[in-house]
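J.: In the UniProt record's numbering, the protein residues as written are 1 to 109. By construction, the Cβ of each residue, glycine as well, lies at the ideal position given by its N, Cα and C atoms. Remember, it's a predicted structure, so these values are computed and weren't measured experimentally.
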Amino acid sequence: MGFHYVASRHYANVIDSCDDRMDEPSFLELSLDMVKDQTYFLSHLSQSQLKRLLAPLGCIPKEEVYRLARKFDLPNKDRKNSQGICFLGKGNRAIVVDEPEVIRDHFYG
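1) Where Val96 and Leu42 are concerned, what is the direct C-alpha to C-alpha distance, given to the nearest angstrom?
2) Looking at Ala13: is its Cβ nearer than 9 Å to the Cβ of Thr39?
3) For residue 118 and Lys62, I'd like the C-alpha separation in whole angstroms.
4) Roughly how many whole angstroms lie between the Cα atoms of Val6 and Arg52?
5) On the criterion of 16 or more Cβ atoms from any shown chain inside 10 Å, does Ser31 qualify as buried, or is it exposed?
6) Whose C-beta lies closer than 6 Å to the C-beta of Cys59 among residues of the same chain, with five residues either side of it excluded?
7) Note down the Cα distance separating Ile15 from Glu24, rounded to an integer number of angstroms.
So, in structure tokens, the structure goes:
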């Protein structure tokens, strides 16, 4: 796809070995902001995916993220905090977990 890394806005830390030790495993570590921690969501990534993941928000509390957004006048600076499922978006939609590894996406309404 033409890129080496993917940056995520998930609250988690990725612990990598040194660049010259790519054969060593990478690990997920809990976010500094335990209320927003999302390591559970990233825990299913393979080692090859995890090695290419950047998670810059893992070491920053949510309040600091909002403060920086206001400081740099980002478009989402006034966005309300959400406890929802971030990848659903708006609309009549629900996620159904049938089994631990089976998630079905449903539209309703």
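T.: Looking at the coordinates:
1) Residue placement at Val96 is flagged as unreliable, the pLDDT there being 44, under the threshold of 50; the coordinate-derived value follows with that caveat. Approximately 18 Å, taken between the alpha carbons.
2) A quick correction: the sequence has Asn, not Ala, at residue 13. Cβ atoms of Asn13 and Thr39: closer than 9 Å.
3) This structure gives no information on residue 118, because the portion of the chain shown stretches from 1 to 109.
4) Between Val6 and Arg52, the C-alpha separation is close to 6 Å.
5) buried
6) Leu32
7) 11 Å
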